[in-house]
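**Q** Residue numbers (full-length UniProt numbering): 1 to 550.
Cβ atoms here follow ideal geometry from the backbone N, Cα and C, with glycine treated the same way.
Encoded as structure tokens, here's the structure I'll be asking about.
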Amino acid sequence: MKALFILLLAQLCSASLVPEREKDPEYWRRQAQETLRNALRLQRLNQNVAKNLILFLGDGMGVSTVTAARILKGQLHGQGEESLLEMDKFPFVALAKTYNTNAQVPDSAGTATAYLCGVKANEGTLGVSAGVTRDRCNTTKGQEVTSILRWAKEAGKAVGIVTTTRVTHATPSAAYAHSANRDWYSDGEMPPDALEGGCKDIARQLVENIPDIEVILGGGRKYMYPRNVSDVEYPHEEKQRGTRLDGRNLVQAWREAKPRGKVAEYVWHRRGLLALNLTRVDFLLGLFEPGDMMYELDRNNDTDPSLSEMVSVAIRMLQKNPRGFFLLVEGGRIDHGHHEGKAKQALHEAVELDRAIGLATRLTSTQDTLSVVTADHSHVFTFGGYTPRGNPIFGLAPMQSDVDRKPFTSILYGNGPGYKIVAGERENVSAVDFGAYVLGQNPLKITPAWLKSAGFLNDSRFCLPPAHADYQAQSAVPLRQETHGGEDVAVFARGPMAHLLHGVHEQNYIPHAMAYAACIGSNRGHCNAAAHPATPLLLPFLGLLLLLLC
1 MKALFILLLA
11 QLCSASLVPE
21 REKDPEYWRR
31 QAQETLRNAL
41 RLQRLNQNVA
51 KNLILFLGDG
61 MGVSTVTAAR
71 ILKGQLHGQG
81 EESLLEMDKF
91 PFVALAKTYN
101 TNAQVPDSAG
111 TATAYLCGVK
121 ANEGTLGVSA
131 GVTRDRCNTT
141 KGQEVTSILR
151 WAKEAGKAVG
161 IVTTTRVTHA
171 TPSAAYAHSA
181 NRDWYSDGEM
191 PPDALEGGCK
201 DIARQLVENI
211 PDIEVILGGG
221 RKYMYPRNVS
231 DVEYPHEEKQ
241 RGTRLDGRNL
251 VQAWREAKPR
261 GKVAEYVWHR
271 RGLLALNLTR
281 VDFLLGLFEP
291 GDMMYELDRN
301 NDTDPSLSEM
311 VSVAIRMLQK
321 NPRGFFLLVE
331 GGRIDHGHHE
341 GKAKQALHEA
351 VELDRAIGLA
361 TRLTSTQDTL
371 SVVTADHSHV
381 FTFGGYTPRG
391 NPIFGLAPMQ
401 SDVDRKPFTS
411 ILYGNGPGYK
421 IVAGERENVS
431 AVDFGAYVLG
441 QNPLKITPAW
451 LKSAGFLNDS
461 RFCLPPAHAD
471 YQAQSAVPLR
481 QETHGGEDVA
491 VFARGPMAHL
501 LHGVHEQNYI
511 PHAMAYAACI
521 GSNRGHCNAA
531 AHPATPLLLP
541 FLGLLLLLLC
């Protein structure tokens, strides 16, 4: 009976593995030829001046995360490996080397300084050169470096920051702050010697360094308020209270720093954000959580906006400036999901970032908007195990270990909190709460209880994905927090001068290429020619005319 059932399931599943159209060689030939035609069209380069710049940063979004997110997005829409992310549609792709000046495997602060300020830096430091040592306030003076956000602002463009972390976290803060330690969110997190040395906390720098940032959206309320001030949303939770020692209300200070006659709106609730009449708002600050925003899978749809919603508001706000804009968008909690070993959280965060990329694409034009998608670093995240086509991305590999005879999930981590030993052996993941799938489908409505009673639960033909978002995938080495990975990350580009991002680059090249495309920053010698592209074509004809006249 068991053998007959296995045979039946094998026939059902093998038939569904390969779509019928893919069995025809002409399908693949036509697909390749269409890709070739698209590639040939790229020879007509878009050399327009970029009026608008958007940098999408997937924190921790290494290549393995991009691939797994693509499969997840496909499976969420009844497809799979063949589906496309929005970033996959960008025509130019490069690789960026992510090392910090003092670290082979980088952190998010040193990398943010690279891709925002154009200068590589030491790990843990923000908006400063490699001459600054982490935690050493007295090494900061004179070592500050400015970001592409400031270059855009100085060129008269509108600028904005959108993140799913706190707005004082590593990625966004490198756009406006200069700090010897990425963790100095408020003065409550700073050591006495740093305060005595005159160093400013990051939240204060957000308000004071570039006071005319038009849009700031994310989390991080508690770093803006005095210590022990109750949070507006969680008034009874002590850990959500304000952290500042200087007694300042930085939200009020933010408002007061705006020019007279300008409208500055602060919101902390999704409803307040979506109700704004953006035509009447000049500056917008939205802080929707005391710390980082919730994971997308855990987000309260009533109180917290999604990343896509925040990006929509930001673009519509910034588009009011006739000179264009620069917008930094961070999917910051991809990184947090990986650190916690929670691949499901991380990958859904990546899918939401991709959704925001698609939305931004629809709201802008490739003729005047350069969009770049990249990551600061990777993670020790992988998926494998010879999984068949259509295997649930969170499912089991179709085999057991030939060493300990236990099943394993396709997704694994090189290190992290998912390392578990039970009775001296690796945990048997079949005992975890799994949903019932057979190679991505469940045509017979099979339940885990039935499989277990029938002796099938550990059979290699069954791919049963974890049922809950906080499942921690197994890891090879036990750590409380999983670590970053050191491999190169992808850079996707579309729009004016996107072809400047190609091959393998140092990570700090990215803002220089973007600034060149937009004629901002220090490298603007080409800009007059860019504004009059026909001039070089006329010169040979003018020379010939002069010769004939002579």
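Which of the three DSSP states, helix, strand or coil, is assigned to valine 18?
**A** Position 18 of the sequence shown, counted from the first residue, corresponds to residue 18. Looking at valine 18 - three-state DSSP - the assignment turns out to be coil, as it is neither helix nor strand.
**Q** If you run the structure through DSSP and keep just helix, strand and coil, what is asparagine 458?
**A** In the sequence shown, the residue the question calls residue 458 occupies position 458. Reliability fails at asparagine 458, whose pLDDT of 44 lies under 50, so the model's placement of it is uncertain and no value is given.
**Q** Leaving aside the five residues before and after glutamate 208 along the sequence, list all residues of the same chain whose C-beta is less than 6 Å from its C-beta, in chain order.
**A** The residue you call residue 208 lines up with position 208 of the sequence shown. For glutamate 208, where only same-chain residues beyond five positions count, there are no Cβ hits under 6 Å.
**Q** Near tryptophan 450, which residues of its chain fall below 7 Å by C-beta distance, leaving aside the five closest residues on each side in sequence?
**A** Counting from one through the sequence shown, the residue named residue 450 turns up at place 450. Summary for tryptophan 450: the model assigns pLDDT 42, below 50, so the residue's position carries little reliability; its value from the coordinates is reported in the next sentence. Counting only Cβ-Cβ distances below 7 Å, and skipping sequence neighbours, we find nothing.
**Q** Any idea which residues DSSP pairs lysine 97 with across the strands?
**A** For the purposes of this step, residue 97 is identified with residue 97 of the sequence shown, where counting begins at 1. Note: lysine 97 sits in a beta bridge opposite Glu506.
**Q** Spatial neighbours of tyrosine 413 within its chain, please: CB distance less than 7 Å, with the 5 preceding and 5 following residues excluded, ordered by chain position.
**A** Here residue 413 is taken as the residue at index 413 of the sequence shown, counted from 1. Gly341, Val380, Phe381, Ala473, Ser475, Glu482, listed in sequence order.
**Q** Judging by CA-CA distance, which residue of Pro91, Asn523, Asn508, Gly395 is the nearest neighbour of threonine 101?
**A** The residue you call residue 101 lines up with position 101 of the sequence shown. The option with the nearest alpha carbon to threonine 101 is Asn508.
**Q** What is the DSSP secondary structure of isoleucine 315, counted as helix, strand or coil?
**A** Within the sequence shown, residue 315 is the residue found at index 315, counting from 1. It is helical.
**Q** Buried or exposed, going by whether 16 or more other CB atoms sit within 10 Å of the CB of alanine 39?
**A** The count along the sequence shown starts at 1 and reaches residue 39 at position 39. By the neighbour-count rule (16 or more Cβ atoms within 10 Å), alanine 39 is not buried but exposed.
**Q** For residue 553, does the count of other Cβ atoms within 10 angstroms reach 16, so buried, or fall short, so exposed?
**A** Outside the shown range of the chain (1 to 550) lies residue 553, about which nothing can therefore be said.
**Q** Return yes when the Cβ of glutamate 330 is within less than 8 Å of the Cβ of threonine 164, no when it is not.
**A** Within the sequence shown, numbered from 1, the residue matching residue 164 stands at position 164. Within the sequence shown, numbered from 1, the residue matching residue 330 stands at position 330. It is a contact, given that the beta carbons lie within the stated cut-off.
**Q** Could you check if glutamate 26 is buried or exposed, using at least 16 other CB atoms within 10 Å of its CB as the buried criterion?
**A** Taking the first residue of the sequence shown as position 1, residue 26 is located at position 26. It counts as exposed.
**Q** If you drop the 5 nearest sequence neighbours on each side, which residues of the same chain put their C-beta closer than 6 Å to that of leucine 45?
**A** On the sequence shown, residue 45 is found 45 positions in, with the first residue counted as 1. His499.
**Q** Three-state secondary structure (DSSP) at glutamine 240?
**A** Numbered from its first residue, the sequence shown carries residue 240 at position 240. Looking at glutamine 240 - three-state DSSP - the assignment turns out to be helix.
**Q** Leucine 328 to leucine 55, Cα distance in whole Å?
**A** Sequence index remark: in the sequence shown, residue 328 carries index 328 (1-based). Sequence index remark: in the sequence shown, residue 55 carries index 55 (1-based). One C-alpha to the other measures close to 5 Å.
**Q** Let me check one thing: in DSSP terms, what residues is valine 373 bridge-paired to?
**A** Numbered from its first residue, the sequence shown carries residue 373 at position 373. In the DSSP output, where bridge partners are listed per residue, valine 373 has Phe56, Phe492.
**Q** So proline 496 and glutamine 47 are in contact, right, with Cβ under 8 Å, and what is the actual spacing, rounded?
**A** Here residue 496 is taken as the residue at index 496 of the sequence shown, counted from 1. Here residue 47 is taken as the residue at index 47 of the sequence shown, counted from 1. Between glutamine 47 and proline 496 the Cβ distance is about 7 Å, and since that is below 8 Å, they are a contact.
**Q** Assign arginine 426 to one of three DSSP states: helix, strand, or coil.
**A** Stepping through the sequence shown from its first residue, residue 426 is reached at position 426. Strand, per DSSP.
**Q** From the DSSP output, read off the bridge partner residues of arginine 166.
**A** Mapped onto the sequence shown, residue 166 falls at position 166. Paired residues: Gly219.
**Q** Taking contact to mean at least 3 C-beta pairs separated by less than 8 Å, is the segment 347-362 in contact with the segment 306-314?
**A** In short, these stretches touch, since the Cβ pair count reaches three.
**Q** Does the separation of the CB atoms of histidine 169 and threonine 140 fall below 8 Å?
**A** The residue labelled residue 169 in the question sits at position 169 within the sequence shown. The residue labelled residue 140 in the question sits at position 140 within the sequence shown. No, Cβ-Cβ distance for histidine 169 and threonine 140 is not below 8 Å.
**Q** Buried or exposed, going by whether 16 or more other CB atoms sit within 10 Å of the CB of tyrosine 225?
**A** The residue you call residue 225 lines up with position 225 of the sequence shown. Classification for tyrosine 225: buried.
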